[in-house]
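Enquirer: For the sequence shown, the numbering used here puts the final residue at 312, and the numbers step up evenly by one. A virtual CB, placed ideally from N, CA and C, is assigned to each residue, including glycine. Note that this is a predicted model, so its numbers are computed, not measured.
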Amino acid sequence: MDYRIEDDFDVSASRYWEVFFDETYNQALWNQLDIGWEMLSLERKGEGDDLVIERRQRLTPRREVPALLSKFVSDKIAYTEHNVFKARDNAMKTITTPSFMADKIVTEGVYRLEVVSDSKVRRVWEGLAKVKLPLVGGRIEKHLVEEIRESYRHATAFTRTWHTEHPGE
144 MDYRIEDDFD VSASRYWEVF FDETYNQALW NQLDIGWEML SLERKGEGDD LVIERRQRLT
204 PRREVPALLS KFVSDKIAYT EHNVFKARDN AMKTITTPSF MADKIVTEGV YRLEVVSDSK
264 VRRVWEGLAK VKLPLVGGRI EKHLVEEIRE SYRHATAFTR TWHTEHPGE
């Protein structure tokens, strides 16, 4: 299942990415979303348009496993997110690997910014959720996309407030 999420932010692209990779922001964001966050690695190479940031983080939602997934999960749901950001493209490729059925569930996408003006960007997430399970795969895909959309709604509100309260630049 392909899907797309768009949101506008009143901030420059450089400030948006600076905050996006900031540890203090991430700790506050994931806490607000009620998701445990652990930075596994963060590597920066190059500068300016040649900047590439590779990040791995483990995310553990602090809520009960949805009934639809409970027969496939023996413990808490967790997932590892692998991001590769390229400044030249103003975009980041993301692959998310769940702690269960990693060979059956594919969630990935491209997270990019479109510059609307010097002080406004549009964040565009174009994602894919694919579950390779007969009979229930489509239902699980819909559930995953609904969860992601809901998470983005909360993250967007939090991020807008963060930028207002932490204007930087």
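Just how far apart, CA to CA, sit TYR295 and GLY252?
Expert: 14 angstroms
Enquirer: Rounded to whole angstroms, what's the CA-CA distance from GLU284 to ARG205? Just pull it up for me.
Expert: Between the alpha carbons of GLU284 and ARG205 lies a gap of roughly 20 angstroms.
Enquirer: Is it the case that the region 149-160 contacts the region 177-187, given that we only count it when at least three CB pairs across the two stretches are under 8 angstroms?
Expert: Flag = no, the region 177-187 and the region 149-160 do not touch.
Enquirer: Check for me: the alpha helix (DSSP H) holding GLY191 runs from which residue to which?
Expert: Element bounds for GLY191: n/a, residue is neither H nor E.
Enquirer: Just tell me which of SER242, TRP305, GLU207 has its CA closest to the CA of ALA221.
Expert: SER242
Enquirer: Cβ of ALA272 within 8 angstroms of Cβ of LEU256?
Expert: no
Enquirer: LYS247 to LYS263, Cα distance in whole Å?
Expert: 38 angstroms
Enquirer: Helix, strand or coil for ASP153, going by three-state DSSP, please let me know.
Expert: Here DSSP, grouped into helix, strand and coil, assigns ASP153 to coil.
Enquirer: To which residues of the same chain is ALA395 closer than 6 angstroms at the C-beta, ignoring the five residues directly before and after it?
Expert: No statement about residue 395 is possible, as the shown extent of the chain runs from 144 to 312 and does not include it.
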